[in-house]
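In the UniProt record's numbering, the protein residues as written are 1 to 351.
Here is the structure:
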């Protein structure tokens, strides 16, 4: 890759989050050599020796009574396991559903009450158990199985939307201990908050600025095919132009859409197919790295004037490097891999 060797550092500004990213290829070896060196993700069922004891995991089938209360389940076909997906309350929630919701003026973003504030920690913290089997990862499921997980997310988001105090729901998945996963069994989470998180407000303000200046949504089209990893009828998977993290991927609806929870069954199947392929590519190329993915959607109840520039997407972040003092102090990131190089590697990788 002679082009990589001749590249010099470059700073790029992201058009969605408004972040500056410094691309410094001199800080790493060739992009193809970048691998995860995190401890193996604990998954005792995968490759366990015959006769080895089953893992002690309350998310496994048959251990349902050890979990926090169930919200709903997706049943399995007849003569199979009792369930395919379970959505449950988090046993150790960050926010509590039994707390008194804050008054609207307490949780609001208004300038009438500047400075420090504290409100009761009301909210919803749920867990989505993606499979009854301990040895199955999300991308081991077929496209329909991943699509069903996505539909379970959307169903729960719609339920939380009905609560008048919930303003935003963050859907996310942590895979691997260093990415924040405390359980090896494949699962994801969602937090419903009584406020719109500041990063969401920043994202919408940045996209609004682009829309007002250029008259188009930041995510409805991307300028270069060099950052494309894969496409389906409904979605594009790209390494963003100003990726904050090496081998970061965004999966973006090709048709403008503000709310993830409006996804239908056919679209979820299409997204499920693409998501499992992207996760499989990252696992194969980067040695099964810890990762996070997050679904970025519009807050509930935004005005109709905001909808032309709000566009939901799914962000996948492999955890390949530590965040240092420069990133923490400046809010800028240093990425050793140019997006075009990462996209080319992932495009060519056969999974």
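The beta carbon of each residue, even a glycine, is placed where N, CA and C say it ideally should be.
Does the Cβ of residue 315 have 16 or more other Cβ atoms within 10 Å, making it buried, or fewer, making it exposed?
Counted from its first residue, the chain shown places residue 315 at position 315. Classification for residue 315: buried.
So what's residue 47 in DSSP terms, helix, strand or just coil?
Position 47 of the chain shown, counting from 1, holds the residue named residue 47. Low confidence applies to residue 47: its pLDDT is 40, below 50, so where it sits in the model is not reliable enough to give any reading.
Helix, strand or coil for residue 63, going by three-state DSSP, please let me know.
Taking the chain shown and counting its residues from 1, one reaches residue 63 at position 63. Coil, per DSSP.
Selection from 179, 98, 174 and 188 that minimises the alpha carbon distance to residue 362
Given that the chain is displayed from residue 1 to residue 351, the structure contains no residue 362 and the question cannot be resolved.
Distance, Cα to Cα, residue 277 vs residue 212?
Position 277 of the chain shown, counting from 1, holds the residue named residue 277. Position 212 of the chain shown, counting from 1, holds the residue named residue 212. C-alpha separation (whole angstroms): 35 angstroms.
Does the Cβ-Cβ distance between residue 272 and residue 143 come in under 7 angstroms?
As a position in the chain shown, residue 272 is number 272, starting the count at 1. As a position in the chain shown, residue 143 is number 143, starting the count at 1. Against a cut-off of 7 angstroms, the Cβ pair of residue 143 and residue 272 comes out as a contact.
Expressed to the nearest angstrom, what Euclidean distance is found between the alpha-carbon atoms of residue 221 and residue 338?
Counting from one through the chain shown, the residue named residue 221 turns up at place 221. Counting from one through the chain shown, the residue named residue 338 turns up at place 338. So the two alpha carbons sit approximately 20 angstroms from each other.
Alpha carbon to alpha carbon, how far is residue 132 from residue 80? Give it in angstroms, no decimals.
Taking the chain shown and counting its residues from 1, the one referred to as residue 80 is at position 80. Taking the chain shown and counting its residues from 1, the one referred to as residue 132 is at position 132. Residue 80 and residue 132: Cα-Cα distance of roughly 11 angstroms.
Per DSSP, what kind of secondary structure is residue 326 in: helix, strand or coil?
Along the chain shown, one-based indexing puts residue 326 at 326. DSSP places residue 326 in helix when its eight states are reduced to three.
Just to confirm before moving on: does the CB-CB distance between residue 121 and residue 154 stay below 7 angstroms?
Taking the first residue of the chain shown as position 1, residue 121 is located at position 121. Taking the first residue of the chain shown as position 1, residue 154 is located at position 154. Not closer than 7 angstroms, so no.
Helix, strand or coil for residue 53? Go by DSSP, reduced to three states.
Stepping through the chain shown from its first residue, residue 53 is reached at position 53. With a pLDDT of 49 at residue 53, under the threshold of 50, the predicted position of this residue should be treated as unreliable, though the coordinate-derived value follows. In this structure, residue 53 counts as coil in the three-state DSSP scheme.
Would you mind sorting residue 185 into buried or exposed? The rule is 16 or more other CB atoms within 10 Å of its CB.
Here residue 185 corresponds to residue number 185 of the chain shown, with the count starting at 1. Under this definition residue 185 is a buried residue.
Would you kindly work out how many angstroms separate the C-alpha atoms of residue 128 and residue 7, rounded to a whole number?
Along the chain shown, one-based indexing puts residue 128 at 128. Along the chain shown, one-based indexing puts residue 7 at 7. About 43 angstroms.
Nonlocal neighbours in the same chain, by C-beta distance under 7 angstroms from residue 160, ignoring five residues either side:
Taking the chain shown and counting its residues from 1, the one referred to as residue 160 is at position 160. Within the same chain, residue 160 has close Cβ partners 124, 166, 169 and 192.
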